[in-house]
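In our numbering, the protein residues as written are 83 to 344. Where is the CB? At the ideal position from N, CA and C, for every residue including glycine. Notes follow the structure.
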Amino acid sequence: MTSSDDTMKQLRYLAGALKAPRITEAAGRLAEQARDANWTHEDYLAAVLEREVSARNASGARLRIRAAGFPAVKTLEDFDFDAQPAIRQQIAALASGAFLTEARNIVLLGPPGTGKTHIVTGLAVKACQAGHRVLFATATDWVTRLTDAHRHGLLPRELARLRRYGLIIVDEVGYLPFEQDAANLFFQLVSSRYEHASLILTSNLPFSGWGGVFGDQAVAAAMIDRIVHHADVLTLKGASYRLRGRGIDSLPSIRTTAEPDS
Ligand code: ADP
Ligand code: MG
């Protein structure tokens with residue numbers, strides 16, 4: 083027994099009107115399965131709709147991942163935790179994404195090449211898959227964006243727009259010091275998200291070095307206070323993953339800046 087051609091034609095029309103084109107295909111395919119396995123009408127309807135919803139979620143996640151602006155798409159599954167065993171448990175807990183609904187922050191500290199950007203991207207890809215909007219940029223890029231908005235008198239509007247993103251990533255705090263104005267703009271970004279939406283920051287410097295980056299101990303202290311009030315702080319250790327197997331243990335110039343607190 084098969085559905086009549088008329089019924090299929092009508093289904094195609096209705097699915098098109100609902101902008102749910104996968105329903106036509108799923109309806110035909112699942113109808114045979116449903117007959118063979120004696121599904122109830124309700125089971126059949128649920129199975130057809132489920133196909134459409136999961137396809138939509140997957141394409142939504144793809145769009146969100148593309149829009150996030152990652153330097154490269156990396157996943158937690160590709161991360162070798164044997165190189166960073168101390169953070170395995172913490173990352174596994176954070177991967178659930180509960181930190182996003184609680185508007186908690188994450189700070190990843192550690193020397194260059196230890197996987198900070200990789201882990202942040204992996205967590206953010208999970209966030210995209212869970213339906214959150216994400217924006218990734220370096221600290222320097224953020225300062226450029228905020229300075230632009232400020233110059234055009236649009237800073238409040240830009241901060242309000244950014245609050246609609248469940249997750250904002252600030253990569254590489256500390257590679258370049260900020261001007262005083264830039265540090266103040268950055269402080270406003272942190273304040274505007276405080277207890278509203280999550281931030282993830284990475285830095286090669288311990289918090290004690292942030293005063294130098296923001297050119298002002300008081301601004302740095304007020305900012306760190308807001309960031310870590312509800313945050314997980316993870317410290318990555320060891321030699322650069324990039325330099326593994328090259329007979330170079332670590333870069334001497336980097337050791338001195340990156341490991342003063344260890
Ligand atoms: P950081 O941001 O700390 O400087 P990255 O995350 O950019 O370091 O890592 C440098 C490179 O090494 C990237 O290509 C990253 O994917 C890779 N990498 C670093 N650590 C690991 C790891 N533990 N497992 C797999 N790849 C890693
Ligand atoms: Mg990095």
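Checklist entry - Based on Cα-Cα distance, which residue from Phe218, Val135, Glu114, Asp162 lies nearest to arginine 146? => result Phe218
Next on the checklist: Does the contact criterion of 3 or more C-beta pairs under 8 Å hold for the segment 110-117 versus the segment 183-199?
Outcome noted: no
Checklist entry - Based on Cα-Cα distance, which residue from Arg144, Leu316, Gly327, Arg324 lies nearest to arginine 170? => result Leu316
Checklist entry - For alanine 209, which of Lys156, Pro238, His234 has the nearest alpha-carbon? => result Lys156
Next on the checklist: Starting from asparagine 187, trace the beta strand (DSSP E) in both directions and tell me its first and last residue.
Outcome noted: 187-191
Checklist entry - Once you ignore the five residues that flank alanine 206 on each side, which residues in its own chain have a CB closer than 8 Å to its CB? => result Ala150, Phe152, Val216, Phe218, Leu249, Ile251, Ile282
Checklist entry - Contact between the segment 117-133 and the segment 262-278: three or more CB pairs below 8 Å? => result no
Checklist entry - Should the segment 255-263 be regarded as contacting the segment 289-302, the criterion being three or more beta carbon pairs within less than 8 Å? => result The segment 255-263 is in contact with the segment 289-302.
Next on the checklist: Suppose the cutoff is 7 Å on Cβ atoms and the five residues either side in sequence are ignored; what does the same chain contact list for alanine 129 look like?
Outcome noted: Leu112
Checklist entry - Quick one: any contact between the segment 185-205 and the segment 228-244, if contact means 3 or more CB pairs under 8 Å? => result no
Next on the checklist: At a cut-off of 7 Å, would you count lysine 319 as near the ligand ADP, judging by its Cβ distance to the nearest heavy atom?
Outcome noted: no
Checklist entry - Among all the DSSP beta bridges, which residues are the ones paired with leucine 271? => result Answer is none; leucine 271 lacks a bridge partner.
Checklist entry - So what does DSSP say about glutamate 341, is it helix, strand or coil? => result Legend: pLDDT at glutamate 341 = 44, less than 50; position of this residue unreliable, no value from coordinates given.
Checklist entry - What do you get for tyrosine 247, buried or exposed, if any count of 16 or more other CB atoms within 10 angstroms of its CB means buried? => result buried
Item to check | Length at least 4, wholly inside the segment 234-283: the alpha helix (DSSP H) runs in chain order | outcome: 237-244, 262-275
Next on the checklist: Following a CB-centred definition, is proline 194 positioned closer than 7 Å to any heavy atom of the ligand ADP?
Outcome noted: Yes, the Cβ of proline 194 comes within 7 Å of a heavy atom of the ligand ADP.
Item to check | Ordered list of beta strand (DSSP E) runs contained in the segment 284-326, each at least 3 residues | outcome: 313-317
Checklist entry - Can you find a heavy atom of the ligand MG that lies under 7 Å from the Cβ of aspartate 253? => result At least one heavy atom of the ligand MG is nearer than 7 Å to the Cβ of aspartate 253, so yes.
Item to check | Supposed contact pair leucine 241 and leucine 271 - C-beta distance, whole angstroms, cut 8 Å | outcome: 7 Å
Next on the checklist: Going by DSSP, what residue range makes up the beta strand (DSSP E) through leucine 217?
Outcome noted: Taken as a continuous stretch (DSSP letters only), the beta strand (DSSP E) holding leucine 217 covers 216-220.
Checklist entry - Is the beta carbon of leucine 109 less than 8 Å from the beta carbon of leucine 93? => result The identity of residue 109 in the sequence shown is alanine, whereas the question assumes leucine. Yes, the pair counts as a contact, with Cβ atoms nearer than the cut-off.
Item to check | Boundaries (first-last residue) of the alpha helix (DSSP H) holding phenylalanine 181 | outcome: 180-183
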